[in-house]
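Notes follow the structure.
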Amino acid sequence: MSDQKKILFISYDGMTDPLGQSQVLPYLQGLSRAGYKIFLLSCEKKQPFEKNSKMIYDLVKEAGITWVPIPYTKTPPVISTMLDIYRMKKEAGKIHRRYKLDMVHTRPGVPALIGVWMKKKFGIKFLNDIRDFYADSRVDGHMWNLKNPLYKMVYGFFKRREAEQIELNDGIVCLTSAAENVIRQLPEYKKEIPLQVIPCSVDLELFDPGAISEERAKAVRAQLGIVPADLVITYLGSVGGLYLTNEMMQFCKVVSDKIPAAKFLFISPGRHDEIVAAAAKHNIPGQKLIITSASRKEVPLFLSVSKFSVFFIRPCFSRKSQSPTKHGEIMAMGIPVITNREIGDVEEIIQEYQSGIVIKGFNESEYTAAVEKITLGNAFDPVAIRNGAVNFYDLSSAIKKYKSLYDRIFQQ
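Heads up, the sequence shown is in numbering that gives the first Met the number 0, so the first residue is 0 and it goes up one at a time.
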């Protein structure tokens with residue numbers, strides 16, 4: 000159509016990484032189907048790109064999305080990021096000069112720098128997708144040590160730019176009501192700017208326990224050495240950073256001592272040696288620990304062996320903005336979660352849908368209380384949990400909210 004709006008989406012996360020496949024591409028595919036012409040600029044790590052680029056090219060071609068991948072630079076610190084910013088500006092400028100874009104839509108951090116630059120230079124709309132309080136999350140995750148003058152300078156730079164991004168954007172997305180409350184109180188926020196809460200969504204067709212045959216479930220249990228009597232607690236995703244591996248292992252030790260049939264399955268893309276070391280540190284018997292990696296399509300099958308799934312995240316300011324992707328995926332499988340307070344809206348979601356156990360602190364008494372709830376047996380309804388995910392984390396609903404926000408921005 001002649002008046003089709005052209006959107007450039009910029010992501011510092013690669014599309015060949017799991018996050019890009021779960022939390023970028025599905026939205027853009029939906030927005031492309033809704034009538035927008037989507038261009039996608041992303042930074043790709045070498046190994047995932049070599050492994051998965053053909054699959055991604057096929058997906059974006061089918062969706063009518065123009066994908067421009069550029070290499071991600073990891074080292075040296077700061078200088079590598081400056082190089083990435085230069086490359087992203089160069090490619091974004093090329094795309095605009097060729098196609099005359101109507102809007103740039105960016106994730107926080109580096110992409111948002113490019114978004115403001117494009118708004119200033121080319122006068123196009125800028126959608127600020129604040130899926131993370133970027134600068135504070137880098138400090139909270141111990142990636143930027145403010146005792147180091149260099150990182151203190153970098154932190155100050157990004158905080159100033161975040162204020163500018165709030166002031167100059169044409170629309171805002173955040174993941175949680177907790178983040179919305181923070182943003183609306185910022186002096187830079189303008190009340191007339193549309194702000195939409197859109198939690199990380201789930202592909203409910205992929206994460207569907209009803210789609211897993213008993214034959215496949217039996218085969219994966221045999222592959223993992225799990226017998227019907229085992230009570231399996233899973234952990235899904237990467238370890239380290241803000242994910243509290245040590246505290247989770249403390250919890251697993253309490254479970255192990257009180258429930259002899261317990262086993263712990265870590266579905267994690269890497270750093271398996273750290274998982275083994277943390278388990279050994281807390282005297283968790285080796286036969287109770289199972290560690291595997293899985294492709295995105297395999298994750299629901301591996302999750303299906305769970306009775307519960309656990310994730311502990313460091314409670315801090317930046318986590319107000321977080322909507323853990325894994326939470327929606329686990330709920331969609333009808334599996335109750337065991338987690339801690341002060342993670343975005345997670346506690347409120349669990350309370351509303353009776354979908355898990357929230358601990359109030361990282362100590363043995365809280366862990367013991369959680370184990371007592373585990374041993375109650377049928378305390379959680381898998382169907383109700385699944386229905387909660389359908390209600391709260393549905394991908395089609397998220398796409399409709401994005402489309403509505405796009406439309407509102409272009410009507411301003």
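Where a beta carbon is used, it is the ideal one built from N, C-alpha and C, also for glycine.
Beta-ladder partner(s) of C173, from DSSP
Taking the first residue of the sequence shown as 1, we reach residue 173 at position 174. For C173, which the question treats as bridged, DSSP gives the partners I129 and V196.
Which residue from S317, G13 and K399 puts its Cα closest to that of N180?
Position 181 of the sequence shown, counted from the first residue, corresponds to residue 180. Closest by alpha carbon: S317.
How about R159 and L112: do their beta carbons lie closer than 8 Å?
By 1-based counting over the sequence shown, the position of residue 159 is 160. By 1-based counting over the sequence shown, the position of residue 112 is 113. The beta carbons of R159 and L112 sit no closer together than 8 Å.
If you run the structure through DSSP and keep just helix, strand and coil, what is N180?
One-based indexing of the sequence shown puts residue 180 at position 181. Residue state, collapsed to three classes: helix.
Boundaries of the alpha helix (DSSP H) in which S30 is found, first to last residue:
Translated into the one-based positions of the sequence shown, residue 30 becomes position 31. With the sequence shown as reference, residue 30 is identified as Leu, and Ser is not the correct amino acid for it. Looking at the DSSP string, the run of the alpha helix (DSSP H) that includes L30 is L24 to R32.
Quick check: the Cα distance between M81 and D393, rounded to an integer number of angstroms?
Counted from its first residue, the sequence shown places residue 81 at position 82. Counted from its first residue, the sequence shown places residue 393 at position 394. Their Cα atoms are separated by approximately 37 Å.
Outcome for F48 when other beta-carbon atoms lying within 10 angstroms are tallied against a minimum of 16:
On the sequence shown, residue 48 is found 49 positions in, with the first residue counted as 1. It counts as buried.
For K36, which beta-bridge partners are listed by DSSP?
Locating residue 36 in the sequence shown gives position 37, counting from the first residue. DSSP lists K5 as partners of K36.
Can you give me the C-alpha to C-alpha distance between G355 and A260, rounded to a whole angstrom?
Position 356 of the sequence shown, counting from 1, holds the residue named residue 355. Position 261 of the sequence shown, counting from 1, holds the residue named residue 260. If I take the Cα positions, the gap works out to 20 Å.
From the DSSP output, in three-state form, read off K146 for me.
Mapped onto the sequence shown, residue 146 falls at position 147. DSSP places K146 in coil when its eight states are reduced to three.
Whole angstroms are fine: how far does the CA of I289 sit from the CA of G333?
Locating residue 333 in the sequence shown gives position 334, where the first residue counts as 1. Locating residue 289 in the sequence shown gives position 290, where the first residue counts as 1. Going by the C-alpha atoms only, they are around 21 Å apart.
Does DSSP put H281 in a helix, a strand or coil?
Against the sequence shown, residue 281 aligns to sequence position 282. It is coil, neither helix nor strand.
Pull up the distance between the alpha-carbon of F263 and that of A210, whole angstroms please.
In the sequence shown, residue 263 corresponds to position 264, counting from 1. In the sequence shown, residue 210 corresponds to position 211, counting from 1. Each residue's alpha carbon lies about 24 Å from the other.
In the DSSP assignment, find the unbroken alpha helix (DSSP H) run with V59 in it and report its ends.
Counting from 1 along the sequence shown, the entry for residue 59 is found at position 60. Residues K45 to A62.
Locate the alpha helix (DSSP H) running through S322, then write down its first and last residues.
Within the sequence shown, numbered from 1, the residue matching residue 322 stands at position 323. Bounds of any alpha helix (DSSP H) do not take in S322, whose DSSP letter is neither H nor E.
Specify, as a first and last residue, the run of the alpha helix (DSSP H) that P299 falls within.
Here residue 299 refers to the residue found at position 300 of the sequence shown. That run of the alpha helix (DSSP H) goes V298 to L302.
Segment limits, alpha helix (DSSP H) that includes V345
Position 346 of the sequence shown, counted from the first residue, corresponds to residue 345. Note, V345: alpha helix (DSSP H), V345 to Y352.
For P441, which three-state DSSP category applies?
Past the edges of the chain, shown from 0 to 411, lies residue 441, and the structure says nothing about it.
Taking just the CA atoms, how far does I69 sit from Y150?
Taking the sequence shown and counting its residues from 1, one reaches residue 150 at position 151. Taking the sequence shown and counting its residues from 1, one reaches residue 69 at position 70. Taking the straight line from one Cα to the other gives about 25 Å.
Which first and last residues belong to the alpha helix (DSSP H) in which F391 is found?
On the sequence shown, position 392 is the one that residue 391 refers to. F391 -> alpha helix (DSSP H) spans P381 to Y392.
In three-state DSSP terms, what is H141?
As a working mapping, residue 141 is identified with position 142 in the sequence shown. Three-state DSSP puts H141 in coil, outside helix and strand.
Per DSSP, what kind of secondary structure is S294 in: helix, strand or coil?
Numbered from its first residue, the sequence shown carries residue 294 at position 295. Three-state result, S294: coil.
Ordered along the chain, which non-local residues of its own chain (more than five positions away) have a Cβ less than 7 Å from that of E365?
Taking the sequence shown and counting its residues from 1, one reaches residue 365 at position 366. Closer than 7 Å at Cβ, skipping near neighbours: I358 and K359.
Whose CA, out of N51, I9, Y26 and W66, lies closest to the CA of G108?
For the purposes of this step, residue 108 is taken as the residue at position 109 of the sequence shown. Of N51, I9, Y26 and W66, the residue nearest in Cα terms is I9.
Distance, Y154 Cα to W143 Cα:
Mapped onto the sequence shown, residue 143 falls at position 144. Mapped onto the sequence shown, residue 154 falls at position 155. Their Cα atoms are separated by approximately 8 Å.
In terms of residues, what are the limits of the alpha helix (DSSP H) holding F121?
Along the sequence shown, one-based indexing puts residue 121 at 122. Element bounds for F121: V109 to F121.
CB-CB under 6 Å to D420, same chain, minus the five flanking residues each way: which ones, in chain order?
This structure leaves residue 420 out entirely; the chain is present only between 0 and 411.
Taking the alpha helix (DSSP H) that A84 belongs to, which residues open and close that run?
Looking up residue 84 in the sequence shown gives position 85. According to the sequence as given, residue 84 is Ile; it is not Ala. I84: member of the alpha helix (DSSP H) spanning I78 to Y98, first to last residue.
Please report the residue range of the alpha helix (DSSP H) in which F412 lies.
Lying outside 0 to 411, the shown extent of the chain, residue 412 is not represented and no answer is given.
Alpha-carbon to alpha-carbon, F132 and K200:
Residue numbering aside, residue 200 sits at position 201 when the sequence shown is read from its first letter. Residue numbering aside, residue 132 sits at position 133 when the sequence shown is read from its first letter. Before going on, a small fix: residue 200 reads as Ser here, not Lys. Those two C-alpha atoms are separated by around 19 Å.
Smallest Cα separation from V254: which of I337, I225, A162 and T324?
Here residue 254 is taken as the residue at index 255 of the sequence shown, counted from 1. Closest by alpha carbon: I337.
Output needed for P381: all residues of its chain with C-beta closer than 6 Å, excluding positions within five of it in sequence on either side, in chain order.
Translated into the one-based positions of the sequence shown, residue 381 becomes position 382. G333.
For G19, which three-state DSSP category applies?
Numbered from 1 along the sequence shown, position 20 holds the residue referred to as residue 19. The three-state secondary structure of G19, taken from DSSP, is helix.
Quick test of your reading: I165 and L185, contact by CB under 8 Å. State the CB separation rounded to the nearest angstrom.
For the purposes of this step, residue 165 is taken as the residue at position 166 of the sequence shown. For the purposes of this step, residue 185 is taken as the residue at position 186 of the sequence shown. About 6 Å; that satisfies the 8 Å criterion.
Put V238 into one of helix, strand or coil per three-state DSSP.
Translated into the one-based positions of the sequence shown, residue 238 becomes position 239. Residue state, collapsed to three classes: coil.
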